[in-house]
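Enquirer:
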Amino acid sequence: MIYLLGAIIILAIAVTGMMISRRRTARKTLQSIRESWGQPKDTPSDYYLIERYSNYEQTKNQPYHKLSEQTINDLDLRGIFAFIDRTISRIGQQYLFKVLTEPTDSLTNPWKKLKALFSNTALREKTQVLLHKLSDRDAYHLQSLFSEEQLAKPKWYNLLFLNLTVIICLIVLSFKYPVCLLFLLIPITISLIVHFWNKNNTLVYMQSLPQLNQLMVVAKELNQLNPELYQEEVTDALGKLKGFKRKYSLISFRPGGNVQDELSALVFGLFEMFKNFFMVEVFALFELLEELKEKEQAILTLFEYVGEIDTAISICSLQSGSANLCYPTLSTEEKQLAAINIYHPLIPDCVRNSITIQGKSVLITGSNMSGKSTFLRTLTINSILAQTLHVCFADSFEAPILKVASSIRIDDNLFQGKSYYLQEVNVVGDLLKQSSASESSFFVLDEVFRGTNTLERIAAAKAVLSHLNQGNNLVMVATHDLELVELLQDSFDLYHFTEDITNDELVFDHQLKEGPLTTRNAIKLLKISGYPEPVIDEAMQLSKEG
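Throughout the sequence shown, residue numbering follows my numbering, covering 3 to 548 in sequence.
1. Residues in the same chain with beta-carbon distance under 6 angstroms from Gly419, minus the five sequence neighbours each way, listed in chain order, please.
2. So, using beta-carbon positions, are Phe399 and Pro350 closer together than 7 angstroms?
3. Taking its Cβ as the centre, do 16 or more other Cβ atoms sit within 10 Å of Tyr497, making it buried, or is it exposed?
4. Of all the options Tyr179, Val174, Lys374, Leu211, which has the alpha carbon lying nearest to the alpha carbon of Gln603?
5. Tell me the residue span of the alpha helix (DSSP H) that contains Ile383.
6. Can you look up Ser149 in the DSSP assignment and give me helix, strand or coil?
7. Determine which residues share a DSSP beta bridge with Ile357 and list them.
8. Could you check where the beta strand (DSSP E) with Pro402 kicks off and where it finishes?
9. What are the boundary residues of the beta strand (DSSP E) that His498 is part of?
10. Consult DSSP for Val282 and reduce its assignment to one of helix, strand or coil.
11. Given that a residue counts as buried once 16 or more other Cβ atoms are within 10 Å of its Cβ, and exposed if not, what is Gln262?
12. On the DSSP bridge assignment, give the partners of Ile366 in chain order.
13. On the DSSP bridge list, what partners appear for Glu298?
14. Tell me the rounded alpha-carbon separation between Asp140 and Glu335.
15. Straight-line CA distance for Leu302 to Val219?
16. Is Val101 helix, strand or coil when you go by DSSP?
17. Near Phe510, what residues of its chain come up, given a Cβ to Cβ distance below 7 angstroms and the 5 sequence neighbours on each side ignored?
18. Is the stretch 103 to 122 touching the stretch 239 to 249 in the sense that three or more CB pairs, one from each, lie closer than 8 angstroms?
19. Measuring alpha carbon to alpha carbon, tell me which of Gln64, Gly473, Asp87 ends up nearest Gly106.
20. Is it true that the CB of Leu183 sits closer than 7 angstroms to the CB of Gln193?
21. Under 7 angstroms between the Cβ atoms of Ala407 and Thr73?
22. Which word fits Asp76, buried or exposed, when buried means at least 16 other C-beta atoms lie within 10 angstroms of its C-beta?
23. Just to confirm, is the Cβ distance from Leu243 to Lys297 under 7 angstroms?
24. Based on Cα-Cα distance, which residue from Glu516, Tyr58, Ser38, Val364 lies nearest to Phe444?
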């Protein structure tokens, strides 16, 4: 009786300790969530893993538009992602990146309902605590279960059933004929070889399958958390994956399991021996993978359900931060855009600019560092955000639905033996192909054909820009070439950035101004930089003659 009472007391202490530990962990998680609310993350992003879901090509629900790698690099969109990413789960991160790189043609805000729901702080924090269960780095690999080809059964797989039958028959016969135990060594050895061969297969799924189990738990709890979060499709998907739970429990993904004491170790060892002899893990893994192949859509449903919720909360967190954001107005009006006090979110104390476009495209002139390239990126980034997250870094933003393509940052491709100019020719060629599409596009270019001589550059740039500007396409180009101003002034509105030289220092105000550039300071800059007087004099004379 005393021993029984002691055992009960020890068990009660253990359970209490476990409950206290869980509550302490939950409090720390909630505290971390509250402290990070409205703030950008301070940890680096692993884009190789984050972008795996974005690179997944779905056979259904093809996106309206997917940004090219060229445009993503031109706009430093990964840096923008790092700033706006306030997600909790790894799934949310992957989903947010895919959303950011796939502008839609929807005129209405798809996040409005969820954002209104999560204005309830208590509900939002409960949701974030659940999402935190999918914050393990292994959760990045979940998408491989529906986006990659799964391991197929080996050709000799069916022979394993014969081996299993032999084992069972020899065990049964050994009760009457003990000599059968000697013959049992052969099929048992085969089983052990196959079992340990299969361990390499389980290692492949050591990250994804345990996280699928966790995804099912989180999706179920979220689906029951609030009537507004409930989706019948999620319930159906969970039902279709019930068989996964049973087969999953038969596979050990962690060496040694969670053995806490000698008795547990003995029980665990006996169970492992049973699984080894009868190849339980081998049969369970391949049957599980075959089932998951048929249930890929169910896994994708749960993945997107969790990702959408986490992304909506991330947008709420972004809006509650220090950034000045507005809700954009998207319309069907062609070649019209209006941005008031628009700015770049990654530039501290960024100068804000406004622009109104009606019926024409835009050509911007100005010197280096005056703000041309930054303004191109600012307007383009906000155009993308308007069609993805339905928020903009501006006082107001109004634009039509546009497919964005750019040529801003061109690099020599040394590995493919391509020069700067040839690389630029290829990039601009892709823009020309897109310009003939039925949907309207937003083309953004910086210094067209800068890799070749002046005469041919001006001629080619004028021809390309005129072609891109056809129909309802909107073109925004920045250039040093003032000759383009005269060639394109009838079809392009002209803007410029200027700088002043004050006390022998170059001063930029980064303010966008209407009209063509009328001042030239390049040679003056040479003078204040200490160039010899004869060089300055000759340069000034030649510029006047030109």
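Don't be surprised by glycine CBs; every beta carbon is placed ideally from N, CA and C.
Expert: Inspection of the coordinates gives the following:
1. One-based indexing of the sequence shown puts residue 419 at position 417. Reliability fails at Gly419, whose pLDDT of 47 lies under 50, so the model's placement of it is uncertain and no value is given.
2. Here residue 399 refers to the residue found at position 397 of the sequence shown. Here residue 350 refers to the residue found at position 348 of the sequence shown. No. Outside cutoff.
3. The residue given as residue 497 occupies position 495 in the sequence shown. Tyr497 comes out buried.
4. Given a span of 3 to 548 for the chain in the structure shown, any question on residue 603 remains unanswerable.
5. What you label residue 383 is simply residue 381 of the sequence shown in a count that begins at 1. Taken as a continuous stretch (DSSP letters only), the alpha helix (DSSP H) holding Ile383 covers 374 to 390.
6. Here residue 149 corresponds to residue number 147 of the sequence shown, with the count starting at 1. If DSSP states are grouped into helix, strand and coil, Ser149 belongs with the helices.
7. As a first step, residue 357 must be located in the sequence shown, where it is residue number 355. BP columns for Ile357 point to Ala341.
8. Indexing the sequence shown from 1 puts residue 402 at position 400. Segment 398 to 402, the beta strand (DSSP E) holding Pro402.
9. Along the sequence shown, one-based indexing puts residue 498 at 496. From DSSP, the beta strand (DSSP E) with His498 extends over 494 to 498.
10. As a first step, residue 282 must be located in the sequence shown, where it is residue number 280. Of the three classes helix, strand and coil, the one that applies to Val282 here is helix, per DSSP.
11. For the purposes of this step, residue 262 is identified with residue 260 of the sequence shown, where counting begins at 1. Because Gln262 sits at a pLDDT of 45, beneath the cut-off of 50, its placement in the model cannot be relied upon, and the point is left open.
12. The count along the sequence shown starts at 1 and reaches residue 366 at position 364. DSSP, once it has assigned bridges, lists Ala480, Tyr497 as partnering Ile366.
13. By one-based count along the sequence shown, residue 298 stands at place 296. According to DSSP, which records beta bridges pairwise, Glu298 is partnered with nothing at all.
14. For the purposes of this step, residue 140 is taken as the residue at position 138 of the sequence shown. For the purposes of this step, residue 335 is taken as the residue at position 333 of the sequence shown. C-alpha separation (whole angstroms): 45 angstroms.
15. Locating residue 302 in the sequence shown gives position 300, counting from the first residue. Locating residue 219 in the sequence shown gives position 217, counting from the first residue. Going from the Cα of Leu302 to the Cα of Val219 covers about 15 angstroms.
16. Taking the sequence shown and counting its residues from 1, the one referred to as residue 101 is at position 99. DSSP places Val101 in helix when its eight states are reduced to three.
17. Here residue 510 refers to the residue found at position 508 of the sequence shown. If we look at Phe510 and ignore the five residues flanking it on each side, its Cβ neighbours are Met371, Ser372, Gly373, Glu501.
18. no
19. Position 104 of the sequence shown, counted from the first residue, corresponds to residue 106. Note that residue 106 corresponds to Thr in the displayed sequence, not to Gly. Thr106 has its Cα closest to that of Gln64, out of Gln64, Gly473, Asp87.
20. Here residue 193 is taken as the residue at index 191 of the sequence shown, counted from 1. Here residue 183 is taken as the residue at index 181 of the sequence shown, counted from 1. First, the residue type needs correcting, since residue 193 is Ser and not Gln in the sequence shown. Cβ atoms of Ser193 and Leu183: not closer than 7 angstroms.
21. As a position in the sequence shown, residue 407 is number 405, starting the count at 1. As a position in the sequence shown, residue 73 is number 71, starting the count at 1. Closer than 7 angstroms, so yes.
22. Here residue 76 refers to the residue found at position 74 of the sequence shown. Classification for Asp76: buried.
23. Taking the sequence shown and counting its residues from 1, one reaches residue 243 at position 241. Taking the sequence shown and counting its residues from 1, one reaches residue 297 at position 295. In this structure, Lys297 lies closer than 7 angstroms to Leu243 by Cβ.
24. As a working note, residue 444 is residue 442 in the sequence shown. Of the candidates Glu516, Tyr58, Ser38, Val364, the one whose C-alpha sits nearest the C-alpha of Phe444 is Val364.
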